[in-house]
């Protein structure tokens, strides 16, 4: 046997058996192709004879479309087809359309009205991009400008412009979630802290922009090559908006350069591309520019949060009230889900008996936000975790101790009915406190030259085992087929959006089948082939789809053992599988190879295939109208400790180190988990300190990376990732989700660290150096 | 070529400014004249009368590492170290920055502060005449920047730049150089007339300390782009960073007074 050398990747040691597959920091199975340039991304891909599409967008934030004249554009040589709202049959779409038809408020191309600068009006298919763009300039749209409204408070005011006719005061949705009697809870409190918070719109800024490639076959069936996190949702929504049956649409999911939530839903690019392809009879490809990516795909909802938190002198929290005002921009997209996720997580991070979250979501004439990693939880947690810091100060207790005292514990039920099973919340805080040397920095107002040093903490609860909310199935299906050489083909609906999903699936299948990870292949792109799955979002991929793969592999394993029993005449219960071999009773010598068993079963008269099916739907409940219900099969927890240096002259904040401790149940791939932690923290630092989509009268001022500053390598501090393995009873090998929660507490931890350094609270994101400098000048 | 297409041609050197402008459709040239293989544009040499000559096609990375520059004008090497990112420094050129005349261009500021001469295919122009305003130079349509001649100095100097800002933040970077018995102080993003901080130089010559010299040295800076950053902060940063540069410079190099 070769000697096993412990592998340490990204600073993370393996936790699993070095001979096994789970718990090992194995390289990503799609890594070699990605780093060598072999991977064909959607943007790289095209079809022979494909035309190029381009979209005409509204230059006004709010205007009626009187008429659209395409005659001059159509006459331009090289233009093959032009479509307008008239070509769309007037069908609308929206992510939440399953809840209510009124939430489907977007048309692929608007017919009567445009509602933001960038709203889709017409589209051209031409022989090349230059021709398509020239044609756009020749389309003559007669607009009647209407009064716009940009501020969500203004939008609610009586007499304000109606973004959508008939939606009173632009109020899309209002709800009250909570438990107990919040006023009674505050009457029990000895100390109450209260403050307003504001978060800003930020862009996921995925490296690859959106693209769509549409092609119709001779029987009227549509194939879309798309970069999507939810192929089956795209199939359903595309079919609906085009008036097709779902079976008439086939999605082929392409490798994508980043998702972060922005590729969850169907965006107008998809039906526009399909309509152009149908009209021209040719394949059509549309690729978004970076500017279009900013204005026409997802970004994070800005929240205004009025927060109030009360506790007794002994540190027991008694009441929490949060009031959200959420700017949904011109259309609904996922704003209701975002509001609900923010409300439920904020109400259940601590064991507070009396909670009330009041949320209002309104239309304005701006580009519309939607899903982005963190999904409402980031915004709500910023407010809540800053308030908890203020509460700790008022109570004169340690901010870590206060959190441990009130935080979630294993095997409990929250006030909103979530069943907490595995829970490493206290361990995350405890280990993070130790690793960050919290007590050496906290409250000591240290100086390094002209920089003040501070440390802050913030924590998070997230769904970690699917997210049912109001939907139907939260499931994922998989098929595992053994090949004659002892390798395995896994066909799964589970996704890969750059986060290591398929590597985790391969590890799970390999572990279950007793073969090497290198012998597992994953097919997961074609909706004509793969079993149904609810997509990669809400950090559900490894939990839900991983469980689907696990069930399928387990069934294949049983069949494998049954065939081995038949072949060897040894009872299956005495057999074990490892390293591609079959062993008896844990004995040292292999009695057969797995390849022998599979081939023997297959290549004979009355042959059989060694394979298995799995379909996993977590045992969860829908969320009711008050936010109650066990919506996830598991919950993930984390605590982040952030140290900052604040330059007292320039106001510039440097994050100097971060300790991020996350309870992931079990790390299928520890390096992959650490990667999710590093990425979430750095993205969170970007939101905390400099990212912001800036608007002037509805016009986005910074839709490019020269003026929209993203965090880069030099902004990334040393990050210590602490992986807590609480061993979830429902997760595959005990695993829970980790992809999303790692960004959630970062902004609050940064703001709390800045307070610790200079004694000034910043409740508005991002914390600009000029705001810090002005506040320092004022306070001195 | 430039004479043949006077209105539609643009010179392409490293492409690190022009290509982004073309991508944003701010520049839409029909003809690109690639000068990367024109001979003798990438020389660095000592010139007459204590000067240093740098060719237009010398890339930032070489400006940073070149031994002659490091010996004769180490400040320029330090400025080049903080231009853009590694990709930009590998491709972007010295002359490209000068010809682009971005108010945020560190070389432009340095040329103005040190009274460099800009060389073209037909003449040598003093920097303060060459730069006429944001993105505006004295170049004729068929004229090409071939290099520049800087006064050499290995005396006290410093360059202070805040890299952690958006590219269009308008926050200045500051270069200071002890040259021929006096301080030269240059700032980016302070407008055409503000690139050389003569008020600060005069105060220092009159015996003021760095903190005294920067106090009240600037009025509101000109607006350079969309107001991502408040003017008052940019002005504050001009003072803080200039003071820091002067204090840092005092610790550097040899005192040649």
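Residue numbers (the working numbering), protein chains in the order written: chain A, 219 to 998; chain B, 25 to 281.
Glycine included, every Cβ here is placed at the ideal spot set by N, Cα and C.
Owing to the predicted nature of the structure, the values given are computational and were not obtained by experimental measurement.
Counting only C-beta atoms, is residue i closer than 9 Å to chain A at any point?
{"i": "residue 48 of chain B", "result": "yes"}
{"i": "residue 22 of chain B", "result": "With chain B running from 25 to 281 in the structure shown, residue 22 of chain B is simply not present."}
{"i": "residue 237 of chain B", "result": "no"}
{"i": "residue 249 of chain B", "result": "With a pLDDT of only 49 at residue 249 of chain B, under 50, the local geometry of the prediction cannot be trusted, and no value is derived from it."}
{"i": "residue 265 of chain B", "result": "yes"}
{"i": "residue 214 of chain B", "result": "no"}
{"i": "residue 274 of chain B", "result": "no"}
{"i": "residue 285 of chain B", "result": "A query on residue 285 of chain B cannot be resolved here, the shown segment of chain B reaching from 25 to 281 and no further."}
{"i": "residue 25 of chain B", "result": "no"}
{"i": "residue 260 of chain B", "result": "yes"}
{"i": "residue 126 of chain B", "result": "no"}
{"i": "residue 130 of chain B", "result": "no"}
{"i": "residue 217 of chain B", "result": "no"}
{"i": "residue 73 of chain B", "result": "no"}
{"i": "residue 109 of chain B", "result": "yes"}
Going by C-alpha to C-alpha distance, which of the options sits closest to residue i?
{"i": "residue 379 of chain A", "options": "A/385, A/727, A/365", "result": "A/365"}
{"i": "residue 523 of chain A", "options": "A/544, A/652, A/495, A/512", "result": "A/544"}
{"i": "residue 513 of chain A", "options": "A/757, A/834, A/395, A/547", "result": "A/547"}
{"i": "residue 49 of chain B", "options": "A/299, A/480, A/507, A/289", "result": "A/507"}
{"i": "residue 609 of chain A", "options": "A/685, A/979, A/781, A/882", "result": "A/979"}
{"i": "residue 360 of chain A", "options": "A/668, A/286, A/297", "result": "A/286"}
{"i": "residue 289 of chain A", "options": "A/655, A/914, A/356", "result": "A/356"}
{"i": "residue 649 of chain A", "options": "A/857, A/687, A/519", "result": "A/857"}
{"i": "residue 957 of chain A", "options": "A/761, A/293, A/269, A/261", "result": "A/761"}
{"i": "residue 581 of chain A", "options": "A/520, A/307, A/562", "result": "A/520"}
{"i": "residue 95 of chain B", "options": "B/83, B/74, B/107, B/236", "result": "B/74"}
{"i": "residue 159 of chain A", "options": "A/822, A/886, A/997", "result": "Residue 159 of chain A lies beyond the range of chain A shown here (219 to 998); nothing can be said about it."}
{"i": "residue 796 of chain A", "options": "A/733, A/412, A/337, A/993", "result": "A/733"}
{"i": "residue 767 of chain A", "options": "A/725, A/787, A/791", "result": "A/725"}
{"i": "residue 939 of chain A", "options": "A/890, A/479, A/985, A/414", "result": "A/890"}
Are any of the Cβ atoms in chain B nearer than 9 Å to that of residue i?
{"i": "residue 365 of chain A", "result": "no"}
{"i": "residue 915 of chain A", "result": "no"}
{"i": "residue 991 of chain A", "result": "yes"}
{"i": "residue 505 of chain A", "result": "no"}
{"i": "residue 220 of chain A", "result": "Caution is warranted here: a pLDDT of 44 is assigned to residue 220 of chain A, below 50, making its placement in the model unreliable, and the coordinate value is therefore given only provisionally. So no, residue 220 of chain A is outside the interface."}
{"i": "residue 869 of chain A", "result": "yes"}
{"i": "residue 1004 of chain A", "result": "Past the edges of chain A, shown from 219 to 998, lies residue 1004 of chain A, and the structure says nothing about it."}
{"i": "residue 512 of chain A", "result": "no"}
{"i": "residue 872 of chain A", "result": "yes"}
{"i": "residue 665 of chain A", "result": "no"}
{"i": "residue 772 of chain A", "result": "no"}
{"i": "residue 930 of chain A", "result": "yes"}
Residues of chain A with CB under 7 Å from residue i, in chain order?
{"i": "residue 254 of chain B", "result": "988"}
{"i": "residue 89 of chain B", "result": "Neighbours of residue 89 of chain B on chain A: none; closest Cβ ~20 Å, over 7 Å."}
Round the Cβ separation of residue i and residue j to the nearest angstrom and send it over; I've been treating them as touching at under 8 Å.
{"i": "residue 619 of chain A", "j": "residue 674 of chain A", "result": "Their Cβ separation, rounded to whole angstroms, is 15 Å, which puts residue 619 of chain A and residue 674 of chain A out of contact at 8 Å."}
{"i": "residue 159 of chain B", "j": "residue 126 of chain B", "result": "6 Å"}
{"i": "residue 46 of chain B", "j": "residue 65 of chain B", "result": "That pair is no contact at about 22 Å."}
{"i": "residue 630 of chain A", "j": "residue 572 of chain A", "result": "So it is not a contact: roughly 17 Å between Cβ atoms."}
{"i": "residue 439 of chain A", "j": "residue 466 of chain A", "result": "5 Å"}
{"i": "residue 731 of chain A", "j": "residue 774 of chain A", "result": "7 Å"}
{"i": "residue 971 of chain A", "j": "residue 867 of chain A", "result": "About 19 Å separates the two Cβ atoms, so there is no contact after all."}
I'd like to know if residue i contacts chain D, where contact means its C-beta is closer than 9 Å to some C-beta of that chain.
{"i": "residue 919 of chain A", "result": "Any reference to chain D falls outside this structure, whose protein chains are A and B."}
Taking residue i as the query, report the chain B residues whose CB atoms sit under 9 Å from its CB, ordered along the chain.
{"i": "residue 933 of chain A", "result": "188"}
{"i": "residue 357 of chain A", "result": "The contacting residues do not exist; residue 357 of chain A stays about 17 Å from chain B at best."}
Under 8 Å: does the beta carbon of residue i sit that close to some heavy atom of the ligand NAD?
{"i": "residue 239 of chain A", "result": "For the ligand NAD, the structure offers nothing, since it holds no ligand at all."}
Three-pair Cβ contact test at 8 Å for the region 907 to 926 of chain A versus the region 837 to 852 of chain A | By the Cβ rule, the region 907 to 926 of chain A does not count as touching the region 837 to 852 of chain A, because fewer than three pairs are nearer than 8 Å.
Would you call the region 799 to 817 of chain A and the region 590 to 598 of chain A in contact, with 3 or more CB pairs under 8 Å?
-> no
Please determine if the region 527 to 538 of chain A and the region 653 to 662 of chain A are in contact, where contact requires at least 3 C-beta pairs separated by less than 8 Å.
-> no
Do the region 326 to 344 of chain A and the region 248 to 255 of chain A meet, that is, are 3 or more Cβ pairs less than 8 Å apart?
-> no
Can at least three beta-carbon pairs, one atom from the region 52 to 61 of chain B and one from the region 27 to 35 of chain B, be found at a separation below 8 Å?
-> yes
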